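Structure, as structure tokens:
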Amino acid sequence: MRISNMFFQTLREVPAEAEIASHQLMLRSGLMRKLASGIYSFLPLGYRVFRKVEQIVREEMDRAGAQELIMSALLPAEAYQASGRWEVFGAEMFRLKDRGGREFCLGPTHEEIFTDTVKSVTRSYRSLPLTLYQIQTKYRDERRPRFGVMRSREFVMKDAYSFDRDDEGLDISYKKMYDAYCRIFDRLGLDYIIVDADTGAMGGSGSQEFMVKSSIGESGIAYCEACGYAANDEKAECIVQKCCEGEKCCEELSLEKVATPDARTIDELMDFFGCSAREFAKTLIYKADDKVVAAMVRGDRELNETKLMNLLGCIELEMADSETVEKVTGAAVGFAGPIGLKIDVIVDSEVAEMKNFVVGANETGYHYKNVNINRDFKATVVKDIRTIKEGDPCPKCGAPVKVEFGIEVGHIFKLGTKYSKALDCVYLDENGKENPMIMGCYGIGINRSMAAVIEQNNDENGIIWPISVAPYHVIVIPVNTTDSDQMELAEKIYSQLIASGVEVLLDDRDERPGVKFKDADLIGIPIRITVGKKAKEGIVEYKRRKEKDFTATTAEEAIEMAQKEVREGCAVK
RNA sequence: CGGGGUGUGGCUCAGGUGGUAGAGUGCUUGGUUCGGGACCAAGAGGCCGUGGGUUCGAGUCCCGCCACUCCGACCA
269 MRISNMFFQT LREVPAEAEI ASHQLMLRSG LMRKLASGIY SFLPLGYRVF RKVEQIVREE
329 MDRAGAQELI MSALLPAEAY QASGRWEVFG AEMFRLKDRG GREFCLGPTH EEIFTDTVKS
389 VTRSYRSLPL TLYQIQTKYR DERRPRFGVM RSREFVMKDA YSFDRDDEGL DISYKKMYDA
449 YCRIFDRLGL DYIIVDADTG AMGGSGSQEF MVKSSIGESG IAYCEACGYA ANDEKAECIV
509 QKCCEGEKCC EELSLEKVAT PDARTIDELM DFFGCSAREF AKTLIYKADD KVVAAMVRGD
569 RELNETKLMN LLGCIELEMA DSETVEKVTG AAVGFAGPIG LKIDVIVDSE VAEMKNFVVG
629 ANETGYHYKN VNINRDFKAT VVKDIRTIKE GDPCPKCGAP VKVEFGIEVG HIFKLGTKYS
689 KALDCVYLDE NGKENPMIMG CYGIGINRSM AAVIEQNNDE NGIIWPISVA PYHVIVIPVN
749 TTDSDQMELA EKIYSQLIAS GVEVLLDDRD ERPGVKFKDA DLIGIPIRIT VGKKAKEGIV
809 EYKRRKEKDF TATTAEEAIE MAQKEVREGC AVK
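The first sequence begins at 269 in the working numbering and counts up one residue at a time.
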């Protein structure tokens, strides 16, 4: 491609709307343009990368034995009504009606439609196992689209669904997808970590997420360097450390009510009592569906709403409003405690080990001190409902865990029979008996993966594409387009590389060299061949985007080096 | 959904107390330049988000709406 003909534009300044590196760079380098909040158009340069990511995913899915098909994005409501998700998705689903008033949605994910389709085609155990996939546009009306294409309202997802006779079969299908995902993210040049994930209140026997470590990630990852344990922080199990081994602490002191007129937050209470947050227990009032419950965690802890939801088996969970809190506790917000509460009290397992701690007295302006569980109040349930923190013991080996943030680029999930039962997707076994198929589902965000590659591969000058997904492998820059020696040599290199299957840009614009270098760096082409003053002797400069220095070499050598590098960069191991 | 911010040329942004719309950058043309976003000159390009109000007169003041964005809540 000659740049003089290419539909693209680079921006010198960072568009005000972009906060993170990948978003800024995607806009500045002209890969894409925003159409509306969370909705983007890809321009030619960006679409080339997009298609390469897609293609890598496709190749690995095919290699794993999955079969590609494509379904509509515009979907009738019935299957979603049958699974119950027509309601569950709520406002996140884009809904519309046809001229006859029939309800449709723009598909947010396709479990129901795949299940329904398989059900109507496959009836025999002989046809199983089966894994189908598509690379298709999804729509979710996110409450808060963010970070460009990282969290957008329209995005392309590779979604795969496996159908097996039994759990052993599912394990095999799942493992194939797991391996395929590793190959995909390796080929994309991503530094990722695989973590155990929450399977939600609806069950399912296992789930893992592929996370790209990044400070802008929205999911917390807890991992252990000692034993390799890694889990989403919603999922990571917390184990109890005894509060202390000292005798004084373990002796139960007598309960005391203390006037704490202006102290209602943990910080204020710490000042008032002059002790650390570890000596308090927070009592949080929650609305779980239509039920009001209390949940207790230590003062320096965060309650893990996912764990609490799973424990309660509820669909919706939110902090109770102040009116409800006052009604249930009989006190203003900030003075809730477990003693005398009429509602269920879910106690974090760590709190159950505490002695002589401080809680609200359910009376405005008062707290209790020297509180002890069982003596002063009873827990409805004692369970791990807190979020793991850096330095907490690893649930596997006990070594201190680390906590970092990650971008979820892939998710694999053992669904079990949730959808096959709801939609009556069954097969006949050897005995002529009907059984529900055992399903798995597997997703990769194409746009998000692309953004994640940029997030991990950039510097102050722009993007640094890995060869495997670069929009072009090589950019040839004649320094002076009016110099016929330079132009002739550049054209020669350009056409020879193209002839050997290398994807090449020729910057034939009549621009100053600085402009061309800046653009080449910004759009991140991995290999740059500069044809300058020594063109007459056939000498050019060979420079890699990720390295600082170039080497002077003959044009022939440069061509060979580029061909070799591209071959290796695209090689599939 | 709650709270904050911003809407002026493709992009980044100026436009006290109301008086005919600006800069930089990008774009076009000509010239001088030519190895890391050159310089000079001449141009093109704006329902100042939108609807209403106040006023002789509104980019500017008042009210409504919309969009974008940040923080929070939420997130199969």
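Backbone N, C-alpha and C define an ideal beta-carbon position, used for all residues, glycine too. Predicted model only: the values in this text are computed from it and were never measured.
Residue 675 sits close to residue 720, with the two beta carbons spaced by under 8 Å. In the three-state scheme derived from DSSP, where H, G and I count as helix and E and B as strand, residue 502 is classed as coil.
Straight across, the Cα-Cα distance linking residue 467 with residue 475 is about 6 Å. Straight-line spacing of the CA atoms in residue 422 and residue 302 works out to 12 Å.
Here residue 420 carries a coil assignment [DSSP, helix/strand/coil]. DSSP, reduced to helix, strand and coil, places residue 385 within a helical segment of the structure shown. Taking C-beta atoms under 8 Å as the contact rule, residue 298 and residue 318 fail to qualify, at a distance of about 14 Å.
In the DSSP assignment, residue 291 falls within the unbroken alpha helix (DSSP H) covering 289-296. CA-to-CA, the gap between residue 270 and residue 832 works out to about 23 Å.
In the three-state reduction of the DSSP assignment, residue 829 falls in the helix class. Cβ neighbours of residue 659 within its own chain (closer than 6 Å, five residues either side excluded): 668. With a threshold of 16 other beta carbon atoms within 10 Å, residue 349 falls short and is exposed. Under DSSP, residue 461 forms a beta bridge with 479. In the DSSP assignment, the residues bridged to residue 548 are 626. With respect to residue 653, residue 726 sits apart: the two C-beta atoms are not nearer than 8 Å. For the pair residue 797 and residue 761, the CB atoms are nearer than the 8 Å cut-off.
Cβ-Cβ distances below 6 Å link residue 331 to nothing in the same chain once the five nearest sequence neighbours on each side are left out. Looking at the DSSP output, residue 746 sits in a beta bridge with 799.
Between residue 645 and residue 607 a beta carbon distance of about 5 Å is seen, short of the 8 Å cut, so the two are scored as contacting. Contact check for residue 341 and residue 375: beta-carbon distance about 5 Å, within the 8 Å limit, so the pair qualifies.
A residue is called buried once 16 or more other Cβ atoms fall within 10 Å of its Cβ, and residue 413 is buried on that count. Counting C-beta atoms within 10 angstroms of its own C-beta, residue 335 has fewer than 16 neighbours from the protein chains shown and is therefore classed as exposed. Residue 562 is positioned such that its CB atom lies no closer than 8 Å to that of residue 603. In the structure shown, residue 617 adopts coil according to DSSP, grouped into three states. Counting along the chain, the unbroken alpha helix (DSSP H) around residue 762 starts and ends at 752-767.
Listed in chain order, the non-local C-beta contacts of residue 494 below 6 Å within the same chain comprise 665 and 667, local neighbours out to five positions each way being set aside. DSSP places residue 318 in the uninterrupted alpha helix (DSSP H) bounded by 312-331. Looking at the DSSP output, residue 487 sits in a beta bridge with 674.
One thing to note: residue 772 has its Cβ within 8 Å of the Cβ of residue 742. By the Cβ neighbour-count rule, residue 380 is buried, with 16 or more other Cβ atoms within 10 Å of its own.
In the three-state reduction of the DSSP assignment, residue 535 falls in the helix class, which pools H, G and I. Residue 401 is a Cβ neighbour of residue 427, given a cutoff of 8 Å. Put simply, the backbone Cα of residue 704 is about 32 Å away from that of residue 364. Residue 627 is not a Cβ neighbour of residue 611, given a cutoff of 8 Å. One thing to note: residue 328 has its Cβ within 8 Å of the Cβ of residue 452. Ranked by Cα distance from residue 799, the options 775, 786 and 723 are led by 775.
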